[in-house]
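The next block holds one structure in the form of structure tokens; read it before the comments.
In full-length UniProt numbering, the protein residues as written are 1 to 277.
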């Protein structure tokens, strides 16, 4: 009888004994895991894994390594294992002129960072702010405007409470208008968008061009038609452009420097415009 009982399979053991065996095994596993976790926690905090090297790559024109290090190193906490990469990236991207930062660990104690700087495309001004810039991607960012005082940047003047989407829209319009108005031989100084969605261009020679409202491509086509016919008008009157209103459905109005009368010129009939006294 004793021999038969000793040979019982686990499934034939009483339920409470099976539960006790399972609990004992589980506790043993938990104990091992806790020991390993404690050992790992001690290991990763060893001085060997303190960040000893910070490598910074990327094309930097507005910043230098010394400036970046001085701004960042005191704010990056943790060693190779414990450093928060997302927080480190945010710290680098808070440095003036830094657009993006890619931060990664390099074994055993290095932090390697690749920086991308903002490349300014225009000044950004509206009712609330006049101290920002727009980069080549159409993103608005803060910077010391003294850093770009020697750069020939146009100005994008947005409506009141302008949004980031409007900044991108205005940069797109600027890039389309620049080649369209290039034959006027004066660069765009300011591109303005009003609260009602009306566009105005001011050239570096102080000439104003009212484009009015409409889709981007429609307004660019309107400007291109005007530029094609303007040489005939200038040849007829011999004066440079001072003002043009392109909001007319079948023509445009112009004022040339030195002439006081605004002429309404039908499309295709510039050569027949009346003389101005």
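For every residue, glycine included, the Cβ atom is placed at its ideal position computed from N, Cα and C.
Buried or exposed by the 16-neighbour rule on C-beta atoms within 10 Å, applied to residue i
i: residue 229; result: buried
i: residue 34; result: exposed
i: residue 154; result: buried
i: residue 258; result: exposed
i: residue 170; result: buried
i: residue 241; result: buried
i: residue 20; result: exposed
i: residue 211; result: buried
i: residue 14; result: exposed
i: residue 222; result: buried
i: residue 201; result: buried
i: residue 23; result: exposed
i: residue 209; result: buried
Contacting residues, own chain, Cβ-Cβ under 7 Å from residue i (five flanking each side not counted)
i: residue 286; result: The requested residue 286 does not occur in the structure, where the chain is confined to residues 1 to 277.
i: residue 106; result: 112
i: residue 252; result: 226, 244, 245, 246, 265
i: residue 116; result: 58, 99, 100
i: residue 72; result: 91, 92, 95
Member of the options whose CA lies at the smallest distance from the CA of residue i
i: residue 54; options: 124, 83, 246; result: 83
i: residue 60; options: 98, 133, 74; result: 98
i: residue 198; options: 87, 26, 166; result: 166
i: residue 77; options: 91, 67, 254; result: 91
i: residue 67; options: 118, 96, 177; result: 96
i: residue 232; options: 248, 215, 219, 254; result: 254
i: residue 214; options: 205, 188, 248; result: 248
i: residue 152; options: 142, 182, 168, 120; result: 120
i: residue 218; options: 180, 150, 124; result: 180
i: residue 62; options: 172, 27, 124, 150; result: 150
i: residue 163; options: 205, 175, 126; result: 126
i: residue 193; options: 173, 205, 186, 87; result: 173
DSSP beta-bridge partners of residue i
i: residue 226; result: Note: residue 226 sits in no beta bridge, so no partner.
i: residue 112; result: 55, 104
i: residue 132; result: 124, 142
i: residue 255; result: 243
i: residue 220; result: Note: residue 220 sits in no beta bridge, so no partner.
i: residue 192; result: 157, 200
i: residue 238; result: Residue 238 pairs with nothing; no bridge assigned.
Residues of its chain near residue i, where Cβ-Cβ distance is below 6 Å and the 5 sequence neighbours each way are ignored
i: residue 236; result: none
i: residue 104; result: 112
i: residue 114; result: 57, 58, 102
i: residue 75; result: 91
Supposed close pair residue i, residue j - CB separation, criterion 8 Å
i: residue 145; j: residue 128; result: About 16 Å; that fails the 8 Å criterion.
i: residue 122; j: residue 140; result: About 10 Å; that fails the 8 Å criterion.
i: residue 157; j: residue 190; result: 6 Å
i: residue 177; j: residue 220; result: 6 Å
Close Cβ partners of residue i (< 8 Å) along its chain, the five nearest in sequence each way excluded
i: residue 93; result: 99, 100, 101
i: residue 184; result: 203, 207, 227, 230, 241
i: residue 239; result: 256, 257, 258, 259
The ligand HEM heavy atom lying under 7 Å from the CB of residue i
i: residue 197; result: No copy of the ligand HEM appears in this structure; indeed no ligand is present at all.
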